[in-house]
Amino acid sequence: MSRLIINGGNRLNGELEISSSKNAYLPILAGCILSDGKVTLHRYPNYTDTDNMCNILKHLGGKIERHNDILEVDCSSLSKYDIPTDLAMVVRSSIFALGAIISRFRRAKVAYPGGCEIGSRPIDIHLSGLRQLGVKIVEKHGYIYCDGNNMHNANIVLDFPSVGATENLMMASVLVKGETVLYNCAKEPEIVDLQNFLNILGAKVSGAGTDRIIINGVKKLGGGEYTPIRDRIIAGTYIIACAMCGGDVLLKGANPLFLHSLISKIDKYACQIECEYDKIRVKSLGKPLSLGKVETAVYPGFPTDLQAQILALQTISSGSCMIVENLFESRFKQVPELIKMGASIHIKDRIAIVKGVDKLFGADVIATDLRGSASLVLAGLSAEGYTTLNSTKFIDRGYERIEEELSQLGGDIKRVED
Ligand code: EPZ
Numbered sequence: 233m234s235r236l237i238i239n240g241g242n243r244l245n246g247e248l249e250i251s252s253s254k255n256a257y258l259p260i261l262a263g264c265i266l267s268d269g270k271v272t273l274h275r276y277p278n279y280t281d282t283d284n285m286c287n288i289l290k291h292l293g294g295k296i297e298r299h300n301d302i303l304e305v306d307c308s309s310l311s312k313y314d315i316p317t318d319l320a321m322v323v324r325s326s327i328f329a330l331g332a333i334i335s336r337f338r339r340a341k342v343a344y345p346g347g348c349e350i351g352s353r354p355i356d357i358h359l360s361g362l363r364q365l366g367v368k369i370v371e372k373h374g375y376i377y378c379d380g381n382n383m384h385n386a387n388i389v390l391d392f393p394s395v396g397a398t399e400n401l402m403m404a405s406v407l408v409k410g411e412t413v414l415y416n417c418a419k420e421p422e423i424v425d426l427q428n429f430l431n432i433l434g435a436k437v438s439g440a441g442t443d444r445i446i447i448n449g450v451k452k453l454g455g456g457e458y459t460p461i462r463d464r465i466i467a468g469t470y471i472i473a474c475a476m477c478g479g480d481v482l483l484k485g486a487n488p489l490f491l492h493s494l495i496s497k498i499d500k501y502a503c504q505i506e507c508e509y510d511k512i513r514v515k516s517l518g519k520p521l522s523l524g525k526v527e528t529a530v531y532p533g534f535p536t537d538l539q540a541q542i543l544a545l546q547t548i549s550s551g552s553c554m555i556v557e558n559l560f561e562s563r564f565k566q567v568p569e570l571i572k573m574g575a576s577i578h579i580k581d582r583i584a585i586v587k588g589v590d591k592l593f594g595a596d597v598i599a600t601d602l603r604g605s606a607s608l609v610l611a612g613l614s615a616e617g618y619t620t621l622n623s624t625k626f627i628d629r630g631y632e633r634i635e636e637e638l639s640q641l642g643g644d645i646k647r648v649e650d
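Numbering of the sequence shown is given in the numbering used here, commencing with residue 233 and proceeding in unit increments.
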C-alpha cells in the first residue's frame, strides 16, 4: 500500500495536460461490449477504476491490448454474460456493463456494484428502466439475474436524472428494435461522449446533453476508433489547488464549457481565470474570499465531485460558507480529517458550515473516498508543515499519479510505498 507525504506551503506554477475523463472512459469501456468489431481508444488513463473495468471486459472474454495510451479492445468473441462479486464490487460502473450485456446477449447475471461509499447508491432507477424495456429481473443471493428474451422498445421516464442510469439505459436499448425514448435524463458531458462513441460504432442515438435521449435500435455495432473527453473534475481540482496554494497554472486540454459552474463561482473570489476553448489559466488572488453558499446539483449545476475540493478551499477563506450536498447522503467523510488540520467545520445532515481560518496545519490524515482524498491533498499542499495521507487506494481511482502532476507544478508531495 502507498501513502502520500506532503510538505505544504509551495505555490503552484507551470502547465499541465489534463488526463482523459474517468467518468467518460468507464461507460465507453462498457459500450465496447456492444461491439462485434475492434475498438481503438486513445489517451487511455492510468486510473484503477478504468483498469478494473478492463478486467470485467477480460472476464467476459474480451481481448484487450494496451500500447502506451492506446487501448485496443476486441469484444467480438465474448463468451460470458456474468459479472462476479469480486469484479463488480471494486467499481461502481460495473453496473453500466449490465445494460450492454443485456442488449447484446439478452441475458445477464451481475453482482451488485461497489464504488466510493458516499451514500447508499441504489440502482432502482437502472432496474426500473430495464423492466420497462421488457427485461425480467430477479434479485437473489447478491446477484441480479436478467432475462431479456422479450425486450422491446419503450418510453422511459427516469425518477431522477441519474448519470449511470441514463448511460445504462442508452446502452440497454441500442440493439433493441424500434425507438426508445428516455426522459428526465442526466445531461453530463460524459453522456454526450458516450453517445458520440456509440454512434461511431453504428448506433443511432440522439439528444444526449438534454433531458430527452432517443435511441433507434440497430441490429449490431461494429468497430471504431475514439478519443474520450478529458476529465473536468481533475481540471476543477487543480483550479482549486492553485486558488488555495497561490500561483499561476495553465491547464491544457481543459474545456471551460464543462466547468462553468465552478468558474462562475470562484472567478474573482479566489482566483482569476482566463479561458480558451481547450485551456484554462488560473492565477491566485491571495487569501480566498468566502463564496457564501455552494449547493451541489445535477449538471450543469455545481458538481458533487468538486464539493469536497471547494470545501477545502473555504476552510482557509476570509469568511464563512454554507456547503449543501444535494446528491449524496454521505459526502463529508473527510471533514474530521480537515478539522484535525485546524479547519473549523460544523456538519448537520447534508449541510457543512465552514468558517475560514488563517491557515491549516499539516497532520496525519485518513483517506475515506476518492474526492475526499483529493480534498485532503489540497489541504496538505496549502497547510504549514507535513501532511501524510495514509493510503492512495482511493485517489488512484481517478487521478493519474497525482503526486507527479502536482510536483510538476512545484508542489512538494511524494508517494511512499509501505
Ligand atoms: C456518477 O455516479 C459518477 N460516477 C459519480 O462520480 C458522480 O458523483 C455522480 O454520477 C453524480 O454526478 C461515474 O460516472 C462512474 P447518479 P452515479 O446515479 O451514476 C441516486 C466520482 O467521484 N440514484 O447520478 O452512481 C443516487 O443515490 C464519482 O467520480 C438512485 O436513487 O450517480 C444519488 O443520490 C462519485 N437510484 C443520485 O441518484 C438509482 O438507480 C445521483 O446518482 C441511481 C441513482
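The beta carbon of each residue, even a glycine, is placed where N, CA and C say it ideally should be.
Per DSSP, the continuous beta strand (DSSP E) segment holding CYS378 begins and ends at 375 to 379.
Look at VAL342 here: in three-state DSSP terms it is strand.
The continuous beta strand (DSSP E) containing ILE583 extends over residues 583 to 587.
Note on the region 416 to 447: whole beta strand (DSSP E) runs with a minimum of 3 residues are 436 to 438, in chain order. The DSSP-derived three-state label of HIS384 is coil.
Distance check between TYR375 and each of PHE392, GLU349, LYS341 places LYS341 closest, using alpha-carbon atoms only. Judged by DSSP in its simplified three-state form, ASP318 adopts helix. In this structure, LYS484 is the residue among ASP356, LYS484, GLY524 with its C-alpha nearest to the C-alpha of GLU508. For the pair HIS578 and ILE461, the Cα-to-Cα distance works out to about 37 Å.
LEU641 is positioned such that its CB atom lies no closer than 8 Å to that of PHE626. Contact fails between the region 426 to 441 and the region 375 to 394, because fewer than three Cβ pairs, one in each stretch, are under 8 Å apart.
Apart from the 5 residues on each side of it in sequence, GLU304 sits with its Cβ closer than 6 Å to the Cβ of THR272, GLU297 in its chain, given in chain order.
Here THR282 is buried, its C-beta having at least 16 other C-beta atoms within 10 Å. Following the DSSP letters along the chain, one finds LYS409 in no beta strand (DSSP E), marked with neither H nor E.
Not one heavy atom of the ligand EPZ is found less than 7 Å from the C-beta of THR272. About 6 Å separates the beta carbon of ASN287 from that of LEU319, a gap short enough to meet the 8 Å contact definition. Closest in C-alpha terms to ASN239, from the list TYR631, ASN255, ALA595, comes ALA595.
DSSP lists LYS525, ILE585 as the beta-bridge partner residues of MET554. For the set LEU482, ARG513, CYS477, the Cα lying nearest the Cα of GLN541 is the one of CYS477. DSSP, reduced to helix, strand and coil, places GLN539 within a helical segment of the structure shown. Membership of HIS578 in the beta strand (DSSP E) is indicated by the continuous run 576 to 580. When DSSP states are grouped into helix, strand and coil, PHE328 belongs to the helix group. Here LEU543 is not near MET573, since their CB atoms are 8 Å or more apart. ARG647 is a Cβ neighbour of GLU635, given a cutoff of 8 Å.
Taking each of ILE355, GLU349, SER308 in turn and checking the Cα distance to GLY331, the smallest one comes out for ILE355.
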